[in-house]
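Numbered per mature numbering (1 follows the signal peptide of the UniProt record, and there is no 0), the sequence shown spans residues -20 to -1, 1 to 664.
From the three backbone atoms N, C-alpha and C, an ideal C-beta is built for every residue, glycine too.
Please read the structure below before turning to the comments.
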Amino acid sequence: MKFLHIILFIAATYLNHISCEHFIGIQRKNCEGRTKIHIRDGYIDNPIHRRLSKLREQMHTRAEIDAYIITSFDEHLNDRIQEFDERHKYISGFSGMVATIAVTLKSVALWTDDRFIELANEELDCDWHIFKMNESPSVADWLGQGHESVGRVGADPKMVPHVTWDAWKKNLSNQGLILLSVENNLVDNIWTKDRPEPRQFSVKVYPQLYAGEKWQSKLQRLRKALKSHDADAMVITSLTEIAYLLNLRGYDIPYIPVFKAYMLVTSSTAYLYTNKAKITLGIELHLKLKECSENCIYLRNYGNIFDDIRKFSQRWRSVLVPAPSSFDHGASEAIYLAFSNNIIVEKVSPVIYMRAQKNEVEKEGMRRAHIRDAAAMCEVFAYLEQRYLLGDSFTELSLADKIDSFRLSTNFSKGLSLPTMVAFGSHAGQPYYVPSNKTNAQINDENLILIESGGQYLDGTTDVSRTIHLGNPTAEQKKIYTNVLIGLIRLSMLQFPENMRPAGIDAIARGPQWGMGKDYPHATGHGIGSPSSIDYNNQNKHPFREGYFFTAEPSYYRPGLYGVRLENVLEVNEMQDSHTNSERFLNFKTVTLLPFEPKLIDRTLMSAPEKKWLNDYNAKIREEVGKFLKENMKMDAFYWMMNKTQHVIEYLPESEYKARAGSQLSCSPNVVFVVVYSLFLIKL
């Protein structure tokens, strides 16, 4: 019996140790052996510690809470936010784009996704606990089962998605904790010095010449959708939806041409809530603000949205409030709290699908934008290869600056669509690498260079990834590159029924990697437009529609060595004469027209149809991008492009075919698995 007690004691001690380790977070080797500093120990001459001390004073005296949760969102739940809204960065020093922070009176913890874990480990002080999002413990678990006595938890409902708030509330309640709405943001209360000013750029009209449809027509289509949902009104909180709906553009959010605003749309009226100082005479005329009739907009102050919801909801029977989806976070908890009665209809915003399906004018604009963008990138690569051979040196950041310079000088450029990422060598083996002054690597001809970049143009948006080599790649690198290219080609060649789910698309792109027992950790692609933000991944159940544009970016990452990513934008197209048993079929048109690196392609690994696709692609680049380069006298870029798009022999000579028939052309079990699994996903 005594022996049994000893065993139970050891087991309990071990489990307790595991539980404690569970709530500490990731192992921080750079903090081992260092004394952890806690703000409660007294004044510390550290700006982050001083800010935490002031925040805790606010928690204790003003809000009377034991813990405070801070997200990386703004009021519109944007993933990208302006500097004025970077509350998570101010209170922690963490510059990553995604974060949830929990501050108690004695401890502090941060959750982020895989992209930014290493960055958090580098930037946060050693008294911070760091956890991966969507893994245990959750924020609620850490607050409820940690070593502190926490009873009352607060958060700003404007910065939290309603679905997240509900989950927190339920999980905290299960552990005896209360979640409270703290409407006066506590970080704002202490961030009174050296805070960046909100962006004050004027809103611009997006011409119908590029939009292809009047905003009045879009409103009428939205009202028809609301009627089908039996909704009297709709609250619009997404900035991309408002910009699309009203044919307006702004500069409030980095890399996305939108402005901060809310909208209320009813069967007969529409209200726009924004900073009136940004509304020029041109916008007043565009929206018919001074001559309201059936189709006009009433302009209201940005801060009036919540009072108006409370007032108007008294006479509404039902209101559509955006629900979360794989495309969008939905509305904030603050929007839900503004409704005093039970009239909310939770549905995915109809504007998402309106915006995703481009009209003929928008489609043509996207194609033109990609020709100009490809020409700019041809200039970049021609310049890089020429200057490197002449002895110039490049780093990741200097090359990124050069790419930005060429792209921003292109006609109709309105900025970048994402931060330009250049990753050399081992950095390319990190799926979410972001170059910085600390990590900035010198580029040479001994390894691969992975580049992802994109631009916003007046008539479209681009996003492209290419992997290049300034020297002589290894046989392994050529094999990996070719397999990634094959995945992209197979997806691009696909013909499929219109009800096919994105999971099937995802499987086809990953097939060549699966055949090698490999995979990549991110989605195969995402929506793209002017602007659009729909993500397509293996969890998305919404089928493709003619007129959608999305990226396809199969990849390979070998940690510590190198990585390969190839990304094109594809347009969903309805096949002519494809109707079979009343079922329509779709295929893809490749919109990105930037050459692949021929020295990295092992054509012996490619099938004849795949090589034919590559030849057709190269011919299209020569025809469309080549014409543009010659017309604009960009001859260095033109000759570079011609060299990279030479014809590939599609069929093997008979003697070579027979010699390799027993090995290269055999159907391996891995290939059978990929094909069968892809067909299974398509049937779902």
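Counting along the chain, residue 477 sits inside the beta strand (DSSP E) bounded by residues 475 to 477. When beta bridges are read from the DSSP output, residue 141 appears opposite 312. Around the beta carbon of residue 397, a 10 Å sphere encloses 16 or more other beta carbons of the protein chains shown; the residue is thus reported as buried.
Secondary structure within the stretch 250 to 276: the beta strand (DSSP E) runs of 3 or more consecutive residues, fully enclosed, are 250 to 254 (chain order). When the alpha-carbon of residue 505 is set against those of 376, 307, 557 and 425, the nearest one is in 307. Your pair residue 403 and residue 616 does not check out as a contact, with CB atoms roughly 25 Å apart and the cut at 8 Å. By the neighbour-count definition (other C-beta atoms within 10 Å, threshold 16), residue 175 is an exposed residue.
Secondary structure at residue 363: helix, using DSSP grouped into helix, strand and coil. Shown here for residue 499: same chain residues with a beta carbon closer than 8 Å to its own, the five before and five after excluded, namely 490 and 493 in chain order. Boundaries of the alpha helix (DSSP H) around residue 461: 455 to 472. By a beta-carbon distance limit of 8 Å, residue 202 does not contact residue 275. Their separation comes to about 12 Å. Listed in chain order, the beta strand (DSSP E) runs fully inside the stretch 394 to 418 are 401 to 404, counting runs of at least 3 residues.
Comparing alpha-carbon positions, the option among 536, 618 and 476 lying closest to residue 556 turns out to be 476. Beta-bridge analysis with DSSP links residue 306 to no other residue.
Judged by DSSP in its simplified three-state form, residue 605 adopts helix. The residues 239, 240, 241 and 282, in chain order, have a CB closer than 7 Å to that of residue 254 in the same chain once the five nearest residues on each side in sequence are set aside. Look at residue 182 here: in three-state DSSP terms it is coil, with no helix or strand label. DSSP places residue 217 outside any beta strand (DSSP E), giving it a letter other than H or E. As computed with DSSP, residue 170 is found in no beta bridge at all.
For residue 433, the beta-bridge partners assigned by DSSP are 444. Within the model, the alpha-carbon separation for residue 604 versus residue 549 is close to 16 Å.
The Cβ-Cβ distance between residue 337 and residue 507 does not fall below 8 Å. In the three-state reduction of the DSSP assignment, residue 109 falls in the strand class.
The DSSP-derived three-state label of residue 10 is helix. Taken in chain order, the complete beta strand (DSSP E) segments of 3 or more residues contained in the stretch 331 to 385 number zero; there are none.
Secondary structure of residue 626 (DSSP, three-state): coil. Sorting 259, 342, 117 and 135 by C-alpha distance to the C-alpha of residue 180 places 259 at the top. Under the rule that a run must span 4 or more residues, the alpha helix (DSSP H) segments found entirely inside the stretch 532 to 602 read 588 to 600.
Rounded to the nearest angstrom, the Cβ distance from residue 390 to residue 352 is 5 Å, consistent with a contact under 8 Å. For the options 625, 56, 534 and 381, the alpha carbon positioned closest to that of residue 233 is the one of 56. Pairing residue 46 with residue 474, the inter-Cα distance amounts to about 55 Å.
In chain order, 210, 211, 212, 323 and 325 place their CB closer than 7 Å to the CB of residue 298, counting only its own chain and leaving out the 5 sequence neighbours on each side. Positions of the beta strand (DSSP E) runs, each at least 3 residues long and wholly inside the stretch 38 to 119, are given as 47 to 51, 80 to 84, 88 to 92 and 108 to 112 in order along the chain.
Nearest to residue 408 by alpha-carbon distance, out of 448, 235, 359 and 486, is 448. Between residue 154 and the set 487, 161 and 121, the nearest pair of CA atoms involves 121. Nearest neighbour of residue 167 by Cα position, chosen from 576, 540 and 32, turns out to be 32.
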